[in-house]
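To keep things clear, I will list the structure first and then write my remarks on it.
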Amino acid sequence: MSTFINIIVLFGVPALLILLPSVWLPVGVRAEYKKELSGYFNSLIAYIFLILFVVVSNLMFFYLLNGLFREESASMRRFFAMLPYVFVVFIPGLTMGAWAKEKNIGTIELLFTFPVSPWEIMLGKFFAALTLVITALYSTLFVPVLTQIFMGNFDWGQIVTQYIGSILLACCYIAITFLLSSLTMELINAFLLSAITLLALTLIGYLPSIMQFPVWLEWLRKVFVWTSLSTHFGNFSKGVIDSRDILYYVGVTAIFAYLNLRSLDSRKWR
Amino acid sequence: MISVKDLVKSYDNYEPAVKGVSFEIGKGEIVGLLGPNGAGKSTIMKMLTCYMNPTAGQIIIDGKNTMDEPLEVKKLIGYLPESSPQYEDMTVFDYLNWTAEIRGVDPAGIPAKVDEMISLTSLERVVAKKIGQLSKGYRKRVGLASVMIHDPKILILDEPTSGLDPNQIMTFRRILRRLSEKKTIILSTHVLSEIEAICERVIIINRGRIVADDTIANLVGQKYADEQCIDFAVEAKDLAETEREIAKVQGAWKVEFEKKAAKNVFCFKALVTKGSDYETNLKEFCQNKGWNLNSFEIHNANLEEVFLKLAGEEEGVDK
Numbered sequence: 004m005s006t007f008i009n010i011i012v013l014f015g016v017p018a019l020l021i022l023l024p025s026v027w028l029p030v031g032v033r034a035e036y037k038k039e040l041s042g043y044f045n046s047l048i049a050y051i052f053l054i055l056f057v058v059v060s061n062l063m064f065f066y067l068l069n070g071l072f073r074e075e076s077a078s079m080r081r082f083f084a085m086l087p088y089v090f091v092v093f094i095p096g097l098t099m100g101a102w103a104k105e106k107n108i109g110t111i112e113l114l115f116t117f118p119v120s121p122w123e124i125m126l127g128k129f130f131a132a133l134t135l136v137i138t139a140l141y142s143t144l145f146v147p148v149l150t151q152i153f154m155g156n157f158d159w160g161q162i163v164t165q166y167i168g169s170i171l172l173a174c175c176y177i178a179i180t181f182l183l184s185s186l187t188m189e190l191i192n193a194f195l196l197s198a199i200t201l202l203a204l205t206l207i208g209y210l211p212s213i214m215q216f217p218v219w220l221e222w223l224r225k226v227f228v229w230t231s232l233s234t235h236f237g238n239f240s241k242g243v244i245d246s247r248d249i250l251y252y253v254g255v256t257a258i259f260a261y262l263n264l265r266s267l268d269s270r271k272w273r
Numbered sequence: 048m049i050s051v052k053d054l055v056k057s058y059d060n061y062e063p064a065v066k067g068v069s070f071e072i073g074k075g076e077i078v079g080l081l082g083p084n085g086a087g088k089s090t091i092m093k094m095l096t097c098y099m100n101p102t103a104g105q106i107i108i109d110g111k112n113t114m115d116e117p118l119e120v121k122k123l124i125g126y127l128p129e130s131s132p133q134y135e136d137m138t139v140f141d142y143l144n145w146t147a148e149i150r151g152v153d154p155a156g157i158p159a160k161v162d163e164m165i166s167l168t169s170l171e172r173v174v175a176k177k178i179g180q181l182s183k184g185y186r187k188r189v190g191l192a193s194v195m196i197h198d199p200k201i202l203i204l205d206e207p208t209s210g211l212d213p214n215q216i217m218t219f220r221r222i223l224r225r226l227s228e229k230k231t232i233i234l235s236t237h238v239l240s241e242i243e244a245i246c247e248r249v250i251i252i253n254r255g256r257i258v259a260d261d262t263i264a265n266l267v268g269q270k271y272a273d274e275q276c277i278d279f280a281v282e283a284k285d286l287a288e289t290e291r292e293i294a295k296v297q298g299a300w301k302v303e304f305e306k307k308a309a310k311n312v313f314c315f316k317a318l319v320t321k322g323s324d325y326e327t328n329l330k331e332f333c334q335n336k337g338w339n340l341n342s343f344e345i346h347n348a349n350l351e352e353v354f355l356k357l358a359g360e361e362e363g364v365d366k
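Protein chains in written order, with my numbering: chain C, 4 to 273; chain S, 48 to 366.
Set out below in structure tokens:
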């Protein structure tokens, strides 16, 4: 019985996640979602992304900084502490083409002369990228599951919180990289621009801990700490769900999605 | 059906690409937008399809303003951009299915529609291939199939035959003629034979302005009936010298070298207005030079010559 439930959870949940957007969303979102997702798999990006993500993040988890087995507790906190940096490279790689490629080959002219709103197309692309990230995160679940089976009890509350935090973080990263992708026409520009921006936004949160801020720059320290993508992730990786963090992530995602729509609309007036 | 009033479009601070264009297109008309490169044809089309907004003026399509109800307008239109961009890693079949879906075709009717389009544009042989592997002609046909899949009332085709070989152009024209029974079609081109073969009406655009808007028969038969074309052949020694010297003969507004008929026999074409004394001037000139005038024929101007008169002249002045 329990294996039956496990199988449902292991395969049913991702199937549901992938299929849901393709069933109940507006026509434009649904069509774009399907196109983007099949595009990822047709052009091998998805395979490279998934394989590299699994290999890199697990190598880092098990071997980097002495590795998992030196630690006293069965926890994935180290894994999630590294995740923002793994995402800095992986998410721009996934989303660099979102608009830049369409602009480059001219299909953007098709997309915006179809009878669907730009937000539907953006949402379709967003869900497709998010689906791939969730799939990648899902593949890391075997660590806690195996540990549970062979080693001992995991704190499942903490794990669930960490996964929720990762998904919210991924949403932010995707929204930011989408905006940057819509500003350029070349894939490599979009990638570098996105990776540098994300790295900066992630690192500024750590600046106060490695350098001394003078008193009159106290406000700057606060700005850095509060706006950094990584400080808000810290709570999640400790297993704390704070409404401020959720608000921050949802807000950043919404703001960048809005800016993205504006930047796409600007073509009409130039 | 389509009513365009005082359309203006300027990009940044450059000279406007479209400067106050107005025209009306009725239901079921096939209209050719004709003009040299950079005349503003593509810009007008992009505004008609709601891809860009006009800087000034308005476009009403089927009673709807393109600025206020873009989604409603887009439903009526099938637009094929100039380079016919497509997703290269999709197969033809997937691509057609996808465009049908995103254009809001009823899901139950999609397979039938896709089949219909495939047979209309004769794509049977390449259905399972990826678009990236297709030749340019097939890609254009895929593009055409994808813009007609939702049965739009209006087709807007931006240079649909550019880059095709003569065989493919014939096929393409046949497809367009088949369609012309039911739809309003606007197509842009700088190939004149195209317009003569397909369109009933032509709008000639030069530097963002309309210089002529009429049926082809009217343009050639009435408005510019006074325009004439003279074909003549000269027997002389050196082509470059002959060309330079012939240009000095008074009376024609354009003289062009056409071809080399035989060794030292060069064919020219001169465009003149009725009543000009080009004929006598030329004969006199040739006599003085000691060249033989082998043949001399006068006939009425066709669309190509009318176009040269309207849009080609200025370009020559610029150089």
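Heads up, the beta-carbon is just placed ideally off N, CA and C, and yes, glycines get one too.
Listed by chain order, chain C residues near residue i by CB distance under 7 angstroms
i	result
Trp338(S)	Within chain C, no residue comes near Trp338(S); the closest Cβ sits about 52 angstroms away, beyond 7 angstroms.
Ile232(S)	Near Ile232(S) there are no residues of chain C at all, since even the closest Cβ is about 16 angstroms away, more than 7 angstroms.
Lys121(S)	Thr116, Phe117 and Pro118
Tyr126(S)	Thr116
Tyr58(S)	Arg273
Residue i versus residue j: straight-line alpha-carbon distance, rounded
i	j	result
Ile124(C)	Leu264(C)	10 angstroms
Leu133(C)	Ile177(C)	8 angstroms
Phe65(C)	Ala139(C)	17 angstroms
Ile179(C)	Ile257(S)	44 angstroms
Ala198(C)	Pro83(S)	44 angstroms
Asn61(C)	Ile48(C)	20 angstroms
Asn214(S)	Asn328(S)	43 angstroms
Pro158(S)	Lys183(S)	25 angstroms
Glu290(S)	Ile233(S)	39 angstroms
Ile10(C)	Ala18(C)	12 angstroms
Tyr251(C)	Gly15(C)	30 angstroms
Glu148(S)	Phe140(S)	12 angstroms
Asp109(S)	Ser46(C)	41 angstroms
Met63(C)	Val89(C)	9 angstroms
Glu305(S)	Ile277(S)	12 angstroms
Ala116(S)	His197(S)	Here the sequence assigns Glu to residue 116(S), which means Ala is not the residue at that position. Spanning the two alpha carbons is a distance of roughly 19 angstroms.
Asn339(S)	Ile263(S)	37 angstroms
Glu313(S)	Glu326(S)	Here the sequence assigns Phe to residue 313(S), which means Glu is not the residue at that position. Whole-angstrom Cα-Cα distance: 17 angstroms.
Leu267(C)	Ser57(S)	19 angstroms
Asn347(S)	Pro207(S)	29 angstroms
Backbone secondary structure at residue i - three-state DSSP
i	result
Ser69(S)	strand
Val296(S)	coil
Arg248(S)	strand
Asp285(S)	coil
Gly160(C)	helix
Asn311(S)	coil
Asn336(S)	In the sequence on display, residue 336(S) carries Lys and not Asn. DSSP places Lys336(S) in helix when its eight states are reduced to three.
Tyr126(S)	strand
Asp136(S)	coil
Lys321(S)	coil
Asp141(S)	helix
Ser414(S)	Missing from the structure shown is residue 414(S); chain S here goes from 48 to 366 and no further.
Gln215(C)	coil
Glu221(C)	helix
8 angstroms Cβ cut-off: residues of chain S touching residue i
i	result
Thr110(C)	Pro132, Gln133 and Tyr134
Ala274(C)	Since the displayed chain C opens at 4 and closes at 273, residue 274(C) lies outside it and no answer follows.
Asn45(C)	Asp136 and Met137
Buried or exposed by the 16-neighbour rule on C-beta atoms within 10 Å, applied to residue i
i	result
Pro87(C)	buried
Phe7(C)	exposed
Trp159(C)	exposed
Arg224(S)	exposed
Gln275(S)	buried
Asp205(S)	buried
Leu286(S)	exposed
Asp324(S)	exposed
Contacts of residue i in chain C (Cβ-Cβ under 9 angstroms)
i	result
Met99(S)	Arg270, Lys271, Trp272 and Arg273
Leu118(S)	Pro118, Val119 and Ser120
Chain-ordered neighbours of residue i on chain C, where CB pairs are closer than 8 angstroms
i	result
Tyr271(S)	Near Tyr271(S) there are no residues of chain C at all, since even the closest Cβ is about 36 angstroms away, more than 8 angstroms.
Thr96(S)	Thr116
Partner residues on chain S for residue i, Cβ-Cβ distance less than 9 angstroms
i	result
Leu133(C)	The contacting residues do not exist; Leu133(C) stays about 20 angstroms from chain S at best.
Under 7 angstroms by beta carbon: chain S residues contacting residue i
i	result
Gly31(C)	Ile149
Leu210(C)	Near Leu210(C) there are no residues of chain S at all, since even the closest Cβ is about 39 angstroms away, more than 7 angstroms.
Is the region 179-186 of chain C touching the region 208-226 of chain C, taking contact as three or more C-beta pairs under 8 angstroms?
The way I'd put it, the region 179-186 of chain C doesn't touch the region 208-226 of chain C; fewer than three beta-carbon pairs between them come closer than 8 angstroms.
Could you tell me whether the region 156-173 of chain C touches the region 229-244 of chain C, where touching means 3 or more Cβ pairs closer than 8 angstroms? yes
Handout entry: Touch test, the region 49-67 of chain S against the region 88-104 of chain S, Cβ-Cβ under 8 angstroms, three pairs minimum
Key = As far as the Cβ criterion goes, the region 49-67 of chain S touches the region 88-104 of chain S, which means the pair count is three or higher.
Does the region 113-128 of chain S touch the region 59-75 of chain S, meaning 3 or more C-beta pairs lie closer than 8 angstroms? By the Cβ rule, the region 59-75 of chain S does not count as touching the region 113-128 of chain S, because fewer than three pairs are nearer than 8 angstroms.
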